[in-house]
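This report refers to the structure that appears directly beneath it.
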Amino acid sequence: MVDLEKERKAFEEQWRLLGGHLLYVEWSTDNMYSLSPAAKVLNKNDQISLFNTINTAWGLWVVQAKQNKTVIDSLKAENIELQKKYQHADTQLSDIDGHYTLLKKEVEALKAKLEQSKKVWISVDFMLPDEGEKVLLAIGDEQTVAEKCRVFGFIDSIDREALRTDLITHWMSLPEPPSKEAQGDGDE
């Protein structure tokens, strides 16, 4: 479900960045904008135009947010399905010697697809990671690994200090650590 309060804040920020202002409107309990008392200085046509414009823009914003949420949910579901397929294929690989080469190719293809699905930058304005999830954060031109925390927002994984959340723009899931097989067995 889309967090309307979070979406409203992001919408208002973009509204202002695009040259709009909120002097003559206020948020109502109907999840839309109504004219504020200050709007009485506007003529009737300007009031109607302002009301229609901001609520149409808000409605389109919500539709896009819901579509984005659907896409992210679909990617997460696909990710889970890929993990299940990978686990199943990996089990089959150890059980069936005769099909080792064929299954190995399938596993590698699934791993690549799984890794590709994780390498998506997500705006913090759109969605935040789950609490306790370690993620890669984009802070300006830099990147750091941090853990999502309920109290402080994000905690740096190295020095365990709280990060300034207003500087964080995007995040992405971390890849799985390398397996022993990928690291080599150290006999060489």
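For the sequence shown, counting from 1, position 14 maps to 892 in our numbering; every step adds exactly one.
Glycine included, each C-beta is placed from N, C-alpha and C at the ideal position.
A quick note: this is a predicted structure, and the numbers were derived from the prediction, not measured.
From residue i to residue j, what does the alpha carbon distance come to, in whole angstroms?
i: E1066; j: E1059; result: Reliability fails at E1066, whose pLDDT of 48 lies under 50, so the model's placement of it is uncertain and the value that follows must be treated cautiously. The alpha-carbon atoms of E1066 and E1059 are separated by roughly 13 Å.
i: V880; j: T1022; result: 27 Å
i: W1049; j: P1007; result: 8 Å
i: A917; j: Q925; result: 7 Å
i: V985; j: P1055; result: 17 Å
i: L953; j: H966; result: 20 Å
i: W905; j: Y911; result: 5 Å
i: V1013; j: A888; result: 22 Å
i: K922; j: T1043; result: 42 Å
i: S927; j: L913; result: 11 Å
i: R894; j: E1039; result: 32 Å
i: W999; j: Y964; result: 23 Å
Where does residue i land, buried or exposed, given buried means 16+ other C-beta within 10 angstroms?
i: V941; result: exposed
i: L882; result: exposed
i: A955; result: exposed
i: L988; result: buried
i: A943; result: buried
i: W936; result: buried
i: L958; result: In the sequence as presented, Leu is not what sits at residue 958; that position holds Ile. I958 comes out exposed.
i: A1024; result: buried
i: I1046; result: buried
i: E890; result: buried
i: V1002; result: buried
i: L1052; result: exposed
i: L1041; result: buried
Tell me where the alpha helix (DSSP H) around residue i begins and ends.
i: L882; result: 882-895
Following the continuous beta strand (DSSP E) through residue i, name the residue where it begins and the one where it ends.
i: S906; result: Unbroken run through S906: none, as it is neither H nor E.
i: H899; result: It is not in any beta strand (DSSP E) - H899 carries neither H nor E in the DSSP assignment.
i: K1012; result: 1012-1017
i: L1045; result: Taken as a continuous stretch (DSSP letters only), L1045 belongs to no beta strand (DSSP E), as it is neither H nor E.
i: K1026; result: 1020-1027
i: F1032; result: 1031-1034
i: S912; result: 911-913
Roughly how far, in whole angstroms, is the beta-carbon of residue i from the beta-carbon of residue j, given that I think they are within contact range, below 8 Å?
i: I932; j: V903; result: 6 Å
i: W939; j: E1011; result: With a Cβ gap of about 26 Å, W939 and E1011 do not count as contacting.
i: K982; j: L960; result: With a Cβ gap of about 16 Å, K982 and L960 do not count as contacting.
Open item on the list: When you compare the segment 889-903 with the segment 1011-1026, are there three or more beta-carbon pairs, one atom per stretch, that lie closer than 8 Å?
Closed with: no
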